[in-house]
Amino acid sequence: MKTMTRRKGRTFYKQQWFILMVVIVAMAAATGIANPKFFSVRNLVNILEQISTLGLVASGATVLMISGNFDISVGSTIGLSACAMAMLMKRDVAEPLAVAAGLGVAILCCLFIGANSLLFKAPSFIISLACVGIYRGIALALTGGTIQTIYGKFEYLGSTRYCGVLPLLFIVSLVGYLAVHFILARTRLGRRVYAIGSNRNAAFLSGIAINRNLMTFFLINGILVGAAAALLLSRVGAVQPATGAGMELRAMGAVVIGGAPMTGGKGNILGTFTGVLLMGVISNVLNMLQVSPYFQDITFGLLIIVSLAISAMSQKWQK
Amino acid sequence: MPEPLLDLANIDKSYGGNPVLRRVSMDLLPGEVHCLVGENGAGKSTFIKILSGAVRPDGGTLRLAGGSYSSLSPQESMRLGVSTIYQDIELIESLTVADNIFLGHELPAGIPGTVNIREQERRAGALLDMLRIRLDPGEPVENLSTAQKQNLQIAKAMHGEARILVMDEPTVSLGVDEKKALMRLVRELRAKGLGIIYISHFLEEVFDIGDRITILKDGEKVGTYDVAAMTADKVTRLMVGRDASQFFSRERSTVGETRFEVSGLSCEGVEDVSFSVARGEVFGFGGLVGSGRTELAEALFGARKRLAGTIILDGEKLAPASPLEALRDGVCLLTEDRKRLALFMNRPLSENVTVAHNELFGGALLSFALERAQVADMLAQLKIVAAGTDIDAASLSGGNQQKVAVARWLLCRSEVLIFDEPTKGVDIGAKAEIYRLMTDLAAAGRCVIMISSDMPELIAMSDRIGVMRGGRLAGILPGAKAREEELIRMFMG
Ligand SMILES: Nc1ncnc2c1ncn2[C@@H]1O[C@H](COP(=O)(O)OP(=O)(O)OP(=O)(O)O)[C@@H](O)[C@H]1O
Ligand SMILES: [Mg+2]
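The listed protein sequences correspond, in order, to chains A and B. Take the first sequence: its letters are residues 0 to 318, numbered as in numbering that gives the first Met the number 0. Take the second sequence: its letters are residues 0 to 492, numbered as in numbering that gives the first Met the number 0.
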């Protein structure tokens with residue numbers, strides 16, 4: 000048989016992100032007909048703002064999940080980091096300094112999980128499970144459980160809209176997506192993410208330094224989570240230790256909806272982006288149609304199952 | 000002529016528009032060993048996976064056990080008496096030997112839903128004894144060597160009422176001794192009236208136990224022949240499409256000064272091993288499976304902790320604490336277990352080839368142009384058959400996966416290349432290609448260390464052969480004068 004070098008990727012219309020885009024557009028069209036307010040500039044801008052935080056967190060989760068890791072304490076980390084920022088701002092620390100400190104807290108939180116998982120050869124999933132309580136507890140102890148309001152400070156990030164339609168929040172989250180995309184697709188570090196997630200032993204035997212690289216992945220996650228905390232604080236203007244709770248599940252859900260398997264080694268940022276967008280649009284649609292918030296949780300749960308079903312089907316086709 | 004046990008007629012299969020099998024037919028008589036041969040990627044594994052229910056055919060019929068089917072599920076196939084040993088090991092690592100044998104039909108204990116572990120281990124022990132496989136039924140599979148796992152697969156397939164036994168390259172990781180035991184076993188099963196489909200790249204095995212032989216080429220059937228009426232040369236010619244010598248004879252270049260020197264090396268499983276490799280030399284390691292060869296290789300590569308001993312390359316002492324350090328020192332290792340320790344199965348072929356090179360020589364940013372050139376070069380050099388460079392390693396045929404693993408290390412320009420079973424699962428033509436590459440590496444002054452359980456290969460390729468026995472180096476023989484019988488005697492001690 001002759002050797003062929005012809006490139007023949009999976010045709011784009013079979014890929015998860017494309018299917019999701021079709022779903023999003025169809026859903027938007029249907030909602031727009033039922034309630035024309037859906038297409039109002041205000042509502043669309045609103046959607047973009049709402050998914051900015053989730054976008055950053057999901058970008059970090061993409062890196063971790065492809066590498067075969069999980070951080071389910073990101074919700075608590077956001078709470079802790081945002082509380083730290085808010086408390087410093089309340090004490091009149093300069094905003095950039097306060098944000099830097101909060102970012103540092105988030106990075107430490109994430110590195111702590113990576114380090115423990117390496118040190119004790121335990122899955123990061125379990126370590127981060129333990130950290131959910133630790134980080135929330137620290138936040139509670141620091142704030143005494145009270146809400147931290149920053150009264151009009153640090154508004155620039157959350158309220159700026161270029162030309163009245165393009166929120167700065169969304170631009171920041173877009174930068175997050177692009178950075179992760181660049182890392183995954185164009186750098187050696189990205190290859191290591193895939194290699195370690197695909198077969199850790201083989202990666203080690205191919206000369207990849209496992210420990211150093213895993214710590215780098217957790218560092219990237221920490222930066223993105225810290226940035227997400229800053230966005231959240233600026234948009235809402237007040238935070239409390241429970242802020243961010245549930246974010247980890249929605250972020251991981253978005254990554255899975257985007258087509259990355261839980262087993263690692265596969266996935267891309269385009270999938271995550273469409274996953275996040277789909278969640279944002281559905282949430283907005285449910286609000287527009289005045290569905291009870293209880294059903295929203297049910298819907299997100301079902302959405303994850305449906306998207307797993309889609310990946311399972313598309314794998315079966317290939318057999 | 001007796002009624003055939005099995006008749007596969009006009010089987011078609013294609014993947015994403017690339018035909019892999021084109022109207023292939025084959026039948027199987029009771030008490031027959033029917034061999035299936037062909038180059039890497041010819042479609043052998045796909046063909047038998049259609050019989051075992053792992054793959055759905057696009058067309059054709061399967062007639063067996065009085066019924067006619069257009070496709071089978073794995074359960075149906077088993078129920079109809081087909082038992083399959085796949086090319087890749089499919090065992091559950093965390094379970095014991097006995098648990099794996101009884102997987103899916105566990106023996107019940109008193110309380111419903113519980114498993115009678117003692118009875119399972121007893122029966123597993125009896126089965127293993129009957130098959131002359133030395134394994135402890137209570138041993139967790141993760142502690143077994145590749146060859147032991149291969150043996151366990153056979154035992155697992157033999158358990159139950161199989162009438163058709165399918166073996167896809169069962170001898171690839173077996174030693175001489177185990178190979179003989181397997182051949183004997185196959186003969187016994189044939190005498191019991193089983194029909195056996197046997198896939199192998201070793202023609203001597205085909206001529207040893209085969210009754211009929213079917214040759215596949217590029218997904219098409221060349222023909223079915225009586226083994227008695229064929230010669231190895233004829234089979235090769237039909238398979239490869241040209242004359243090819245089956246036994247590679249190496250031109251030996253003169254060896255130069257000593258470059259790589261190991262003295263007093265000990266690690267878990269290896270004790271006090273000393274040897275040296277000269278410029279341009281191919282140093283072979285023979286021995287029974289489990290004699291410590293792989294462990295020695297891992298210790299040299301920094302993948303296994305060394306307890307004592309020194310390693311010297313070109314006068315410099317090396318002490319690699321990880322594979323990365325070993326690679327930087329100029330030592331690379333092709334691991335034996337490609338599925339578990341070498342390949343990234345769900346990543347593209349190209350990434351699998353370039354990963355180590357990127358670690359060693361790459362910058363932070365990837366150079367796609369360079370990668371494309373490298374991969375294209377390797378595809379051509381090793382004649383890797385693939386539908387594209389971005390298809391996953393998992394969808395390559397077994398032999399082509401092996402070539403991808405070899406390609407990874409050829410790119411790394413290491414001074415010392417350790418190859419652990421380099422031609423595992425590789426067809427005759429590609430074997431010769433790998434031998435030629437190894438010879439070229441040696442001729443260019445590199446040190447090549449080859450671990451092999453394939454006797455003719457070991458003798459033909461090695462300048463010297465180190466024989467390992469029970470973790471120690473039992474002796475070093477000159478390769479040119481080594482005789483198979485003499486080596487086996489040394490292996491056994
Ligand atoms: N899941 C898959 N997707 C795409 N192509 C596949 C898939 N499985 C097998 N192929 C292709 O089908 C062809 C035949 O593969 P197969 O494994 O049957 O070869 P083989 O004859 O067993 O080779 P070997 O001697 O190397 O084991 C190969 O070119 C392989 O790349
Ligand atoms: Mg095969």
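A virtual CB, placed ideally from N, CA and C, is assigned to each residue, including glycine.
Whose C-alpha, out of the options, is nearest the C-alpha of residue i?
i	options	result
A/L102	A/M20, A/G225 and A/L63	A/G225
B/P347	B/F206, B/Q400 and B/S321	B/Q400
B/G286	B/D176, B/P111 and B/G40	B/D176
B/I214	B/M238, B/K233, B/D6 and B/A404	B/M238
B/V281	B/E414, B/E370, B/L50 and B/F206	B/E414
A/I71	A/G300, A/A27, A/N42 and A/G132	A/G132
B/M166	B/E160, B/V185 and B/K179	B/V185
B/T230	B/A320, B/E256 and B/L202	B/L202
A/L307	A/V284, A/T262, A/A57 and A/Q295	A/T262
A/L269	A/A311, A/A178 and A/I146	A/A178
B/E187	B/S172, B/M157, B/S199 and B/P455	B/M157
B/V36	B/S199, B/I458, B/D313 and B/G291	B/S199
A/L173	A/R234, A/L47, A/L43 and A/G189	A/L47
B/R327	B/K316, B/L359, B/G222 and B/R303	B/L359
A/N198	A/N68, A/Y293 and A/E94	A/N68
A/V44	A/L288, A/N283 and A/S291	A/N283
B/K430	B/C411, B/V405, B/R412 and B/K48	B/V405
B/A368	B/E270, B/T309 and B/S349	B/S349
B/F274	B/F259, B/V288 and B/L364	B/F259
B/G109	B/L416, B/R117 and B/L28	B/R117
A/V56	A/L231, A/S291, A/I18 and A/M287	A/L231
Report the neighbours of residue i on chain B: residues whose CB is nearer than 8 Å to its CB, in chain order.
i	result
A/T186	A363, L364 and L365
A/R197	According to the sequence displayed, residue 197 of chain A carries Ser and not Arg. Simply F343, M344, N345 and R346.
A/A194	F343, R346, E350 and V354
A/V135	Residue identity differs from the one stated: residue 135 of chain A is Arg in this sequence, not Val. Near A/R135 there are no residues of chain B at all, since even the closest Cβ is about 34 Å away, more than 8 Å.
A/R234	The contacting residues do not exist; A/R234 stays about 34 Å from chain B at best.
Since residue i meets chain A, which of its residues come closer than 7 Å, beta carbon to beta carbon?
i	result
B/L326	G206
B/N142	Simply none; closest approach about 16 Å.
B/P421	Here the premise fails: no neighbours, minimum Cβ distance about 15 Å.
B/P169	Chain A residues near B/P169: none, gap ~24 Å exceeds 7 Å.
B/T334	L204
Taking Cβ-Cβ distances shorter than 7 Å, what residues in chain B pair up with residue i?
i	result
A/A201	L340, A341, L342 and F343
A/R160	What A/R160 touches in chain B: nothing, since even the nearest Cβ is about 35 Å away.
Against residue i, what residues of chain A qualify as contacts under a CB-to-CB distance less than 8 Å, listed in chain order?
i	result
B/E358	R187, S205, G206 and I207
B/L323	G206, I207 and A208
For a contact meaning CB atoms closer than 9 Å, what does residue i contact in chain B?
i	result
A/R249	Result: empty, since nearest Cβ-Cβ is about 26 Å, beyond 9 Å.
| task | Quick one: which residues of the segment 204 to 222 of chain A get their C-beta closer than 7 Å to a C-beta of chain B? List them in chain order. | result | L204, S205, G206, I207 and A208
| query | Closer than 6 Å from C-beta to any heavy atom of ligand 4: which residues, in chain order? | reply | With respect to ligand 4, the structure offers nothing, as its ligand set consists of ligand 1 and ligand 2.
| Contact list for the segment 86 to 117 of chain B against chain A, Cβ threshold 7 Å | none
| Three or more C-beta pairs closer than 8 Å, one from the segment 440 to 454 of chain B and one from the segment 39 to 57 of chain B: is that the case here? | no
| task | Below 7 Å between beta carbons is the criterion; list the residues of the segment 17 to 46 of chain B that meet it against any residue of chain E, in chain order. | result | Within the model displayed, chain E is absent; protein chains A and B are what it includes.
| Sufficient close CB pairs (3 or more, under 8 Å) joining the segment 27 to 41 of chain A to the segment 138 to 150 of chain A | no
| Positions along the segment 259 to 278 of chain A whose CB lies within less than 7 Å of some CB in chain B | G264 and K265
| request: Residues of the segment 297 to 313 of chain B with a CB closer than 7 Å to any CB of chain A: list them in chain order, please. | output: A302
| request: Taking a Cβ distance cut-off of 9 Å, strictly less, list which residues of the segment 213 to 243 of chain B are near chain A, in chain order. | output: K216, D217 and G218
| Near-chain B residues of the segment 35 to 63 of chain A - C-beta to any C-beta below 8 Å | none
| query | Just by C-beta distance, which residues in the segment 126 to 152 of chain B are closer than 9 Å to chain A? | reply | none
| task | Check each residue of the segment 71 to 85 of chain B: if its Cβ is closer than 8 Å to any Cβ of chain A, include it; give the result in chain order. | result | none
| query | Would you say the segment 403 to 421 of chain B touches the segment 445 to 457 of chain B, given that touching needs at least three Cβ pairs under 8 Å? | reply | yes
| query | Just checking, does the segment 246 to 266 of chain A make contact with the segment 54 to 66 of chain A on the three C-beta pairs under 8 Å criterion? | reply | yes
| query | Does the pairing of the segment 72 to 85 of chain A with the segment 98 to 113 of chain A give three or more beta-carbon distances under 8 Å? | reply | yes
| Near-chain B residues of the segment 80 to 101 of chain A (beta-carbon distance less than 8 Å), N- to C-terminal order | none
| request: Indicate whether the contact test is met: 3 or more Cβ pairs, each with one atom in the segment 227 to 245 of chain A and one in the segment 133 to 144 of chain A, closer than 8 Å. | output: yes
| request: Check whether the segment 299 to 318 of chain B touches the segment 263 to 274 of chain B, taking contact to mean three or more Cβ pairs, one atom from each stretch, closer than 8 Å. | output: yes
| query | Can we say the segment 143 to 156 of chain B touches the segment 85 to 98 of chain B, given the rule of at least three CB pairs closer than 8 Å? | reply | yes
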